[in-house]
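First residue of the sequence shown: 113, per this note's numbering; consecutive thereafter.
Following: one structure in structure tokens, then a few remarks.
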Amino acid sequence: YTSHFRRVLLDKSGFKIKKIDKKPSFFGTKDDGELGVEDARIVYFQKEKIYLMSYVSLSRFGNISTSFAVSKDCYHWNRRGITFRHQNKDVVVFPEKINGRYISLHRPEGNFEFTLPHVWMSFSKDLEYWGNDQALAITRDHVWESGKAGAGTPPIKTKYGWLEIYHGVQKMHKKEEWNIKHMFSFHQKKHHPKRYSVGLILYDLKNPTKVIAKSNEKTPFLSPKKIYEKEGFVDNVIFPTGALLDETKKYLLIF
């Protein structure tokens, strides 16, 4: 089992693919996710003129952690190593400092003694050391996001607030059986009946710990409908990791 990333070059409209790398552009190494890398999120810091990529690194020793890499051209990457350790996924970083600090959303996973996995917010001055952790009250006891929730795309700055496109998972009807056999099986759907859908959150521009608004409580913004969303390696999944405006700034491309 392994996974990797390929670069896709779009035209200016953002809706037409011009080129896809024939070979993997970024992949796991013996020192960084030897079992593979997944779920890349990329932000561009205008002031620093660098791209920051957060990604899940899978390892026999480091388990499921999140690593960072930086680049000036999205081609040559300097791997910074594990930043959010051991069972911490869905890490996205706001594309600019707010009140002198970088801000990230992430989803730590523990033993779920009192709560299921949900979104946390952390702060950093240097992108290396993160703290001042806060759990955000996002997950609600409704069908489509009652199991767990995690950040999706890097937040988008609007005049109304920071727009975050996140994912929620329907609560399991049967007890999950997390083990290596099931984790790497192509029959996950038999062991993990669930559905990933998409919702919207608007965070305050100056104080992102404050949630201004959320999309409909009972119905997700997007849910699996197409055959390629309903059937696959894991069934019933929509999992956003990026979004950008087209050249007219009227349409948002979510991917």
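Here a beta-carbon is modelled for each residue, glycine too, at the ideal position from N, C-alpha and C.
Separation of Tyr278 and Asp151 (C-alpha to C-alpha, rounded to the nearest whole angstrom) is 13 Å. In the three-state DSSP reduction, Glu341 falls in the helix class (H, G or I). Taking C-beta atoms as the reference points, Ala181 and Arg197 fail to come closer than 9 Å. A residue is called buried when at least 16 other Cβ atoms come within 10 angstroms of its Cβ; Leu365 does not meet this threshold and is exposed.
With a threshold of 16 other beta carbon atoms within 10 Å, Ser125 falls short and is exposed. Residue environment for Ile339: exposed (fewer than 16 other C-beta atoms within 10 angstroms of its C-beta).
Taking a C-beta distance under 9 Å as the contact criterion, Val205 and Ser166 qualify as a contact pair. Shown here for Gly264: same chain residues with a beta carbon closer than 6 Å to its own, the five before and five after excluded, namely Ile277, Tyr278, His279, Pro352 in chain order. Judged by DSSP secondary structure, Val349 falls outside any beta strand (DSSP E); it is assigned neither H nor E. Here His218 is buried: its Cβ has 16 or more other Cβ atoms, across all protein chains shown, within 10 Å. Looking at the DSSP output, Ser234 bridges to Ser216. Relative to the Cα of Thr141, the nearest Cα in the group Glu257, Gly193, Lys322, Leu164 belongs to Gly193. Take Ser183, set aside five residues on each side of it, and the residues of its chain with a beta-carbon closer than 6 Å to its own are Tyr163, Trp189, in chain order. Shortest Cα-Cα distance from Ser216 to any of Gln199, Ile176, Gln246 involves Gln246. Under the criterion of beta carbons closer than 8 Å, Asp202 and Gly148 do not qualify as touching, at roughly 17 Å. By the Cβ neighbour-count rule, Lys161 is exposed, with fewer than 16 other Cβ atoms within 10 Å of its own. Here DSSP, grouped into helix, strand and coil, assigns Trp274 to strand. When rounded, the separation of the alpha-carbon atoms in Lys135 and Lys322 is 42 Å. By the criterion of a C-beta distance shorter than 6 Å, Lys326 is surrounded in its chain by Ile313, once the five residues flanking it on both sides are discounted. Ser115 and Gly145 have their alpha carbons spaced roughly 10 Å apart. The beta carbon of Ser236 is closer than 6 Å to those of Tyr214, Trp242 in its chain, skipping five residues each way along the sequence. In the three-state reduction of the DSSP assignment, Glu150 falls in the strand class. If you draw a straight line from the Cα of Ser169 to the Cα of Pro220, it comes to about 14 Å.
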